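K.L.:
Structure in structure tokens, see below.
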DNA sequence: CTTGCGCGCGCC
DNA sequence: AAAGGGCGCGCGCAAG
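Quick look at the structure:
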């Protein structure tokens, strides 16, 4: 079925078509814009669809159509978008039209239904083609067909060059969205696992709908930037880089493009004759190459090593952060990043333009971000949240007991105590014993990430000398295995001990992998699914843990948004996986409430614990805040 | 000139 | 059997 469609560019012809869109029932909305940046670009066309009607309003019809839409919003009409956050931002920046209640979003549903998407993604056209009408892939043909089928008035359509424009920009997108929505929602309901009599995927969807609003407002607000600092920092870095380059040329005897790993590899391993200690994984064409990464450079026995490490660090700060952040500043002097709820297969958020989730912690870069006048940054972060979900997922008694009985539970110390059968960690300051917590920490991360013997070995290599590794092996009362390097033998022993003591985790890991192999997907504690390609099922346990932590964090973010941002007491500005950052004044009752919201003692077998920090001057310096 | 890939590296 | 998980960005380099 295809709609009655009108492309209207004059105020006069708009009325009857708006009439046909009615005043109730779902209304699909799509904006056509001059670009993707809500701080710069503008809406040039509005596509609306309801019932059997699809209307594209542009030019002189755009203003009145927006006013009509604003009235529909006032009536709280149910709105459907594909990628709602983008259109909601554009409507707000172009027309000051704000939608204060959750809308529906076919992209969100598609991602929740199957993270692999339709035809490999979540593009509207692919979804519509798969679920609605195979002709959806060809907007021009479809538009022409629809005019015939729907008896559309030729006079309402701009022919000639404008039709091409309509085809290119997809005047029918709202129509496809409207058609795909009930089908996708039906599929989501049918797919939803049931817990406590409720379909969990639909609960997740409700949270994601609010999340879209929370992220929209975060992005629109943006973060204030200290431009003077960034400019000064950039200049200082440029001086330091130039100086380091002069030293490099002296030591190397020649000049190369220091950013080029290929050129550097030739210099180090051919001209300077330094032995190769590490290889890259290699691409399809080139295969493995000698590595010049940080680990390799640390190992080389030549004065060029430390200089290169210094150059790499300075250069990273300079290009990615000093320059990169300056280039990300919007005309309002702030940075408005984009947070994607469908950016990560586990359910985590991703962030781009710039990626605020990877701003360095120690280089000083965070000094570039400063709170708005009269306000301070507050950082609500979850404590060891992935380890807590590992405990919940596996029911491991040691971890469960620890987290239940002690809010400050030191997981790595407890792991070490269990692995070595100790009553307390490092009782006599013994050097060998003191290392045990580090070993345990490596094992815990190996568990969370699904690492194998190779990775544990290489972790140990960067932690210990061979002598120290041998001492640690002796501690286990084992004979040295001549066939293995000591670090590998130690890795084997640590893994053996770890999985002997944490059998529940071993079983949970195995169960997750089996679930993925049998079903092609796994489901986390919140009902979220992730599908796997063949031979990647080993990631299943990590997906459950990381995904549960992500869904918990997003639930917390939405609660903060709905209650405290709704009351105007906070303004969320960033989310960094296990941390929500907001601006607020110093009213302690606000922050006490934040902690009440984030702390979750009732949902799971172990409590989810949150802490709060404050940063008054910038993002760089923060201190613990207790309301 | 743009696009895609590999490398290396920032964060959780 | 073996596999560190999840991202985005700057850069060089080769291909289109």
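Residue numbers (the numbering used here): 477 to 1103. Glycine residues also receive a C-beta, built at the ideal position from the N, C-alpha and C atoms. Computed from a prediction, not measured in an experiment: that's the story for all the values here.
Going by the DSSP bridge assignment, what does residue 1059 pair with across the sheet?
P.N.:
Residue 1059 pairs with 853 and 1047.
K.L.:
Specify, as a first and last residue, the run of the alpha helix (DSSP H) that residue 995 falls within.
P.N.:
Taken as a continuous stretch (DSSP letters only), the alpha helix (DSSP H) holding residue 995 covers 979 to 995.
K.L.:
Where are the beta strand (DSSP E) runs, 3 residues long or more, that stay fully inside the region 647 to 704, in chain order?
P.N.:
Runs of the beta strand (DSSP E) inside the region 647 to 704: 699 to 701.
K.L.:
With a 10 Å radius around its C-beta and 16 neighbouring C-beta atoms as the bar for buried, classify residue 558 as buried or exposed.
P.N.:
Flag for residue 558 reads buried.
K.L.:
Grab me the residues of residue 683's own chain with a C-beta within less than 7 Å of its C-beta, minus the 5 sequence neighbours each way, in chain order.
P.N.:
Closer than 7 Å at Cβ, skipping near neighbours: 1030, 1031 and 1034.
K.L.:
Any idea which residues DSSP pairs residue 525 with across the strands?
P.N.:
In the DSSP output, where bridge partners are listed per residue, residue 525 has 504 and 530.
K.L.:
Quick one: residues in its chain with C-beta nearer than 7 Å to the C-beta of residue 566, no 5 flanking neighbours on either side, listed in chain order?
P.N.:
The answer, listed in chain order, is 507, 509, 514 and 519.
K.L.:
Under 8 Å, with one C-beta from each stretch per pair, do the region 1041 to 1058 and the region 823 to 836 reach the 3-pair mark?
P.N.:
Yes, the region 1041 to 1058 is in contact with the region 823 to 836.
K.L.:
By Cβ distance below 7 Å, which residues in the same chain neighbour residue 766 in space, the five residues on each side in sequence not counted?
P.N.:
Within the same chain, residue 766 has close Cβ partners 741, 745, 752 and 755.
K.L.:
Note down, in chain order, each residue of its chain lying with its Cβ closer than 8 Å to the Cβ of residue 900, except the 5 sequence neighbours on either side.
P.N.:
Taken in chain order, the residues that qualify are 893.
K.L.:
So what's residue 555 in DSSP terms, helix, strand or just coil?
P.N.:
Residue state, collapsed to three classes: strand.
K.L.:
Which residues does DSSP list as the beta-bridge partners of residue 1088?
P.N.:
856.
K.L.:
With which residues is residue 540 paired in a DSSP beta bridge?
P.N.:
DSSP lists no partner for residue 540.
K.L.:
On the DSSP bridge assignment, give the partners of residue 480 in chain order.
P.N.:
Residue 480 pairs with 529.
K.L.:
Which of helix, strand or coil does DSSP assign to residue 952?
P.N.:
It is coil, neither helix nor strand.
K.L.:
Bridge partners of residue 826, per DSSP?
P.N.:
According to DSSP, residue 826 bridges with 816.
K.L.:
Contact check, residue 660 vs residue 585 under 8 Å by CB: the rounded distance?
P.N.:
Their Cβ separation, rounded to whole angstroms, is 4 Å, which keeps residue 660 and residue 585 in contact under 8 Å.
K.L.:
Tell me which residues share the same chain as residue 961 and place their Cβ nearer than 6 Å to its Cβ, disregarding the 5 neighbours each side in the sequence.
P.N.:
Nothing listed; no residue qualifies.
K.L.:
Taking the alpha helix (DSSP H) that residue 1038 belongs to, which residues open and close that run?
P.N.:
No alpha helix (DSSP H) contains residue 1038, which DSSP labels as neither H nor E.
K.L.:
Taking the straight line between their C-alpha atoms, what separation do you get for residue 1106 and residue 935?
P.N.:
An answer regarding residue 1106 cannot be provided, because it is not within the stretch 477 to 1103 covered by the chain.
K.L.:
Thinking C-alpha only, which one of 883, 849, 772 and 710 is nearest residue 1059?
P.N.:
Per the Cα distances, 849.
K.L.:
For a quick check, are the C-beta atoms of residue 750 and residue 778 less than 8 Å apart?
P.N.:
Contact flag set, yes.
K.L.:
Just reading off the alpha helix (DSSP H) that residue 496 is part of, what are its end residues?
P.N.:
487 to 497 is the span of the alpha helix (DSSP H), which, as asked, contains residue 496.
K.L.:
Could you pull out every residue in the same chain whose Cβ sits closer than 7 Å to the Cβ of residue 668, ignoring the five residues on either side in sequence?
P.N.:
If we look at residue 668 and ignore the five residues flanking it on each side, its Cβ neighbours are 675, 676, 677, 678 and 1003.
K.L.:
Please name the residue in 856, 887 and 1072 whose C-alpha comes closest to that of residue 1100.
P.N.:
Of 856, 887 and 1072, the residue nearest in Cα terms is 856.
K.L.:
Quick check on the DSSP output: the beta strand (DSSP E) that includes residue 1007 runs from which residue to which?
P.N.:
Segment 1005 to 1007, the beta strand (DSSP E) holding residue 1007.
K.L.:
Return the first residue and the last residue of the alpha helix (DSSP H) that residue 900 is part of.
P.N.:
Segment: none, residue 900 is in no alpha helix (DSSP H) and carries neither H nor E.
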